[in-house]
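Novice:
2 protein chains.
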Amino acid sequence: MKVEILSIGDELLIGQTVNTNATWLGQECSKIGLRVMHVTTISDDKSAIISAIDAAFLRCDIILVTGGLGPTKDDITKHTLCEYFDTELEIHLPTLQQIEGFFARRNRPMLESNIRQAELPQKCEILPNLNGTAAGMWFNHAGKVLISMPGVPYEMKGIMLDEVFPRLKQRFELKGIYHKTILTQGIGESFLAESIADWENEVRESGLELAYLPSPGLVKLRITSYEGISRKEEINAYFTVLKDRFPRYVFGEEEETLPQVIGALLRKEKLQIGTVESCTGGALAHSIMAITGASNYFSGSFLTYSNELKQRLVGVSETDLAKFGAVSKEVVEQMAANGREKLGVDVCVSTSGVAGPNGGTTQKPVGLVFIAIATADRTHSFQFQFGDERERNIQMTVLTALNLVRCELLGLIIEKK
Amino acid sequence: MKVEILSIGDELLIGQTVNTNATWLGQECSKIGLRVMHVTTISDDKSAIISAIDAAFLRCDIILVTGGLGPTKDDITKHTLCEYFDTELEIHLPTLQQIEGFFARRNRPMLESNIRQAELPQKCEILPNLNGTAAGMWFNHAGKVLISMPGVPYEMKGIMLDEVFPRLKQRFELKGIYHKTILTQGIGESFLAESIADWENEVRESGLELAYLPSPGLVKLRITSYEGISRKEEINAYFTVLKDRFPRYVFGEEEETLPQVIGALLRKEKLQIGTVESCTGGALAHSIMAITGASNYFSGSFLTYSNELKQRLVGVSETDLAKFGAVSKEVVEQMAANGREKLGVDVCVSTSGVAGPNGGTTQKPVGLVFIAIATADRTHSFQFQFGDERERNIQMTVLTALNLVRCELLGLIIEKK
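Structural data, given as structure tokens:
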């Protein structure tokens, strides 16, 4: 079954509101095997709405319309739908009672415009809105359906979950779509694609779809089966091959994040972590402590942005700072090892680099970053060359450092100092 | 001039990625008077792309296409555009050199798939991508234009700002819309609206438009003139009235950020700043040091997330920690005053609070936050009650702390300890 999402509202077009409704509908439809083919966003304009519905009925079976059902003058969806489906508005008594109850419970006076919210098209099934005053509407049309809902996210979600999805499941015998995603860090999209070309061919030849979803520092790989959950085991097996081949890159699945993954490892091993940060300036610590319950394993950090504080707070050798510079293997290793002692933690990770855009030299260009990890057993460091953009270099350093901590905790880093 | 945004990518349809590109393009187009009429999101599918371009050319003058330009097999936009505009791919030498430089600077090997990124359609103008390997493409078609860009947000934004907007402004004589925005922190949207009702009426009666643009911790106020820059002085005068009335809330204009504003103040006064953070865990320091050139005024921080580190690193009194608790006026003031000495900075700001979702009590509920600022003259603290959501409480604390630093530096905080 093909779905089109039709989002109505000027605030979406001028970028004042992010269209998170379409994102949520996309996620929920995929879960039950409805395939979203098209998302169309248009203005609160009658002819634009009519053309969009015409086009959507040509290519899809189910149209999910959000927005334009409010009580103000710029909300015209209801009237436009009456015109489109050649019907009239009439007072819908159950909806009127529901609206009256809504205002009574909140002790707020009911306005004329609120009563008009109960005027609904004759030729549709009304879908109650328990969270607001704009009811949903279900229109049948030549074997297809159009469902109109308010744009307020939690009202729309309520109607979808309570009314729309159960009816759709019943009405169209839904064959599932099944997705699975794995997450990698530390390998670029093209390099990953080249390394897994054989595996990718196998996946595609078996009739599954594969997508690369890159974002700064991460690449997600998603396999999709249009035959539903029946191919779940097969997809898991494909991903197991990848995990075994690239344990240092593959760090998780689905919605997991690196701070969650290392948080779980630290809790399991009952270890405390701390950081000594220069070029990340707190971004690494913040990513670790932003997870609920981080106080169980995160104690604190030194942010030693200036050389003076590197010496004074964590005892980096003045001679080494002068000899090798702040952005060096020697300094970053002292930061991690000394920080571990001074913070009294089990694992300490340190960063030092040229975040940019200024401060680069021929020997130490913008984007050069050192990361060190100190544990009870050893301290070792890694060198990276990231890009030109300051905030992106900071984020790349954070993600890379988190993945190195993961690898260290799992014993995946082979090189010894 | 009418614009259609065409977003290509399965990840958008299934809701794995939020379409923030369309939001940003909507905002930026509106600023220069281009009207976004339609946003269409479709899959990486040749016939869907071709139908969408056909439909978009019928209703709009400018089509902005994002996505599907990566080096992997599922990226088909470039080939589809060749077919649509009846042209062939050929190696574009400047792009090849740019890609080679991109990999050379990063010391990374170049793959066959990266070289293929330099194969571009003959019948278009190439728009260099300084942040990645997928160049932008500008096609002219029957008096209209189609521009194809990568979907990675910062690559797309770079191409739009460097190449596309300047050309569009020149090519279509854009009739100015003039916007001016001022930024406030520390006052909620409805409270602000109530406080400036008289001023708002005056603005609206003069034929200018006013919009409130709230985001967590900030409210932007935007005045728009559809008569272009001719009303600039008048708009400035309106905003001057607001700045004089609310100097503690109004902190900047347009795209300014609080870290930039306090960065400029610290540089001007030749002062060094440091932080001692508990509930913000590095987010405050990171926001300060994320600004280019922050090393001129930011030295470093203590992140004392555990009570033990509050005592051991910055010498908070063990008795006071036991008596008042970590989230208290007494502790946050000691953190700031002692941190100032130990970091050797002029201004030190500290945070301690219950970020949530756990750890709240009746006396100290989730969202309770103390912030202190220590200078050579005095140390004083402020108490806030934010909300229930952890990451949002952290962000509210960061923005509030930054604005308090601004007020302190400008002598706007009247209460003495």
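Residue numbers (our numbering), protein chains in the order written: chain A, 154 to 570; chain B, 154 to 570. From the three backbone atoms N, C-alpha and C, an ideal C-beta is built for every residue, glycine too.
For I524 of chain A, name the three-state secondary structure that DSSP assigns.
Specialist: Of the three classes helix, strand and coil, the one that applies to I524 of chain A here is strand, per DSSP.
Novice: Under 8 Å Cβ to Cβ from L466 of chain B, same chain only, skipping five residues before and after it: list those, please.
Specialist: Cβ within range, chain order: F455, T457 and K495.
Novice: Give me, in chain order, the residues of the same chain whose beta-carbon lies closer than 6 Å to that of R493 of chain A; leave out the 5 immediate sequence neighbours on both sides.
Specialist: Within the same chain, R493 of chain A has close Cβ partners C501 and A527.
Novice: Examine chain B for any beta-carbon lying closer than 8 Å to the beta-carbon of L552 of chain A, and answer yes or no.
Specialist: Not one chain B Cβ lies under 8 Å of L552 of chain A.
Novice: Rounded to whole angstroms, what's the CA-CA distance from Y237 of chain A to N174 of chain A? Just pull it up for me.
Specialist: Each residue's alpha carbon lies about 24 Å from the other.
Novice: How far does the beta strand (DSSP E) with Y458 of chain B in it reach, from first residue to last?
Specialist: It is not in any beta strand (DSSP E) - Y458 of chain B carries neither H nor E in the DSSP assignment.
Novice: For the alpha helix (DSSP H) holding R420 of chain B, just list the boundary residues, first then last.
Specialist: Segment L411 to E422, the alpha helix (DSSP H) holding R420 of chain B.
Novice: Mapping DSSP to helix, strand and coil, what is K570 of chain B?
Specialist: The predicted position of K570 of chain B is uncertain, since its pLDDT is 39 and thus under 50; no value can be drawn from it.
Novice: Do you know offhand how far E461 of chain A's Cα is from V519 of chain A's?
Specialist: Answer to the nearest angstrom: the Cα atoms are 22 Å apart.
Novice: Measure the C-alpha to C-alpha separation of K569 of chain B and S534 of chain B and round it to an integer number of angstroms.
Specialist: Since pLDDT at K569 of chain B reaches only 44, below the 50 mark, its modelled position is unreliable, and the value read off the structure follows with that caveat. Computed Cα separation, rounded: 10 Å.
Novice: May I ask you to list, following chain order, the residues of the stretch 530 to 557 of chain B that have a beta carbon less than 9 Å from some beta carbon of chain A?
Specialist: Cβ contacts with chain A: R543, E544 and I547.
Novice: For the putative contact between V218 of chain A and L159 of chain A, defined by C-beta atoms under 8 Å, what is the C-beta separation to the nearest angstrom?
Specialist: Right, their Cβ atoms sit about 5 Å apart.
Novice: Going along the chain, which residues of the stretch 365 to 395 of chain A sit with their C-beta nearer than 9 Å to a C-beta in chain B?
Specialist: The residues in question are Y365, L366, P367, S368, P369, K373, R375 and T377.
Novice: Beta carbons nearer than 9 Å to chain B: which residues of the stretch 319 to 333 of chain A have them?
Specialist: Within the stretch 319 to 333 of chain A, the qualifying residues are I330 and H332.
Novice: Comparing the C-beta of W352 of chain A with each C-beta of chain B, is any distance below 8 Å?
Specialist: Chain B, which has no Cβ nearer than 8 Å to the Cβ of W352 of chain A, makes this no.
Novice: For R384 of chain B, which of helix, strand or coil comes out of DSSP?
Specialist: R384 of chain B: helix per DSSP, three-state reduction.
Novice: Evaluate the contact criterion for the stretch 394 to 401 of chain B versus the stretch 466 to 476 of chain B: three or more CB pairs, one atom per stretch, below 8 Å.
Specialist: The stretch 394 to 401 of chain B, when compared against the stretch 466 to 476 of chain B, does not touch it at the 8 Å Cβ threshold.
Novice: Alpha carbons only, please: which of A:R401, A:D530 and A:L345 is nearest the one belonging to G223 of chain B?
Specialist: Of the listed residues, the one whose Cα sits closest to G223 of chain B is A:L345.
Novice: Grab the span of the beta strand (DSSP E) containing Y307 of chain A for me, first residue to last.
Specialist: Where Y307 of chain A is concerned, there is no enclosing beta strand (DSSP E), although the alpha helix (DSSP H) it sits in stretches over P306 to I312.
Novice: Return the first residue and the last residue of the alpha helix (DSSP H) that L562 of chain A is part of.
Specialist: Run containing L562 of chain A: R543 to L562, per the alpha helix (DSSP H) assignment.
Novice: Does the beta carbon of N172 of chain B come closer than 8 Å to any beta carbon on chain A?
Specialist: Taking Cβ atoms only, chain A reaches closer than 8 Å to N172 of chain B, which makes this a yes.
Novice: Quick check: what's the CA-CA separation for A287 of chain B versus E430 of chain B?
Specialist: If you take the alpha carbons of A287 of chain B and E430 of chain B, they lie about 41 Å apart.
Novice: Looking at the C-beta of K569 of chain A, does it have a partner C-beta in chain B at a distance below 8 Å?
Specialist: Low confidence applies here, because K569 of chain A scores a pLDDT of 43, under 50, leaving its location unreliable and the question unanswered by this model.
Novice: Hey, quick one: how far does the beta strand (DSSP E) through C501 of chain B stretch, first residue to last?
Specialist: Start and end: V500 to G506.
Novice: Please report whether the beta-carbon of N449 of chain A lies at a distance below 8 Å from any beta-carbon of chain D.
Specialist: Although the question refers to chain D, the structure presented lacks it and instead comprises the protein chains A and B.
Novice: With DSSP collapsed to three states, give me the class of V485 of chain A.
Specialist: Residue state, collapsed to three classes: helix.
Novice: Using 8 Å as the cut-off, can you tell me whether the stretch 403 to 414 of chain B makes contact with the stretch 332 to 340 of chain B, which would need three or more C-beta pairs spanning the two stretches below that distance?
Specialist: The answer is yes - the stretch 332 to 340 of chain B touches the stretch 403 to 414 of chain B, with three or more Cβ pairs under 8 Å.
Novice: Among A:S448, A:T225 and A:A489, which one has its Cα closest to the Cα of F504 of chain A?
Specialist: Going by the sequence as given, residue 504 of chain A is Thr instead of Phe. Residue A:A489 is the option with its Cα nearest to T504 of chain A.
Novice: So, is the C-beta of H191 of chain B closer than 8 Å to a C-beta in chain A?
Specialist: Yes, contact with chain A.
Novice: So with CB distances below 8 Å, who are the chain A contacts of W177 of chain B?
Specialist: What W177 of chain B touches in chain A: G168.
Novice: Would you kindly work out how many angstroms separate the C-alpha atoms of H294 of chain B and P400 of chain A, rounded to a whole number?
Specialist: Going by the C-alpha atoms only, they are around 49 Å apart.
Novice: On the three-state DSSP scale, how would you describe E278 of chain A?
Specialist: Residue state, collapsed to three classes: strand.
Novice: My understanding is that T300 of chain B touches V317 of chain B, with C-beta atoms under 8 Å, so please give their C-beta distance in whole angstroms.
Specialist: In the sequence on display, residue 300 of chain B carries Ile and not Thr. About 6 Å separates the two Cβ atoms, so the contact holds.
Novice: Need the endpoints of the beta strand (DSSP E) that N172 of chain B sits in, please.
Specialist: Note, N172 of chain B: premise wrong, no beta strand (DSSP E); not H, not E.
Novice: Just checking my contact of V372 of chain B with Y365 of chain B at CB under 8 Å: how many whole Å lie between their CB atoms?
Specialist: 6 Å between Cβ atoms; contact.
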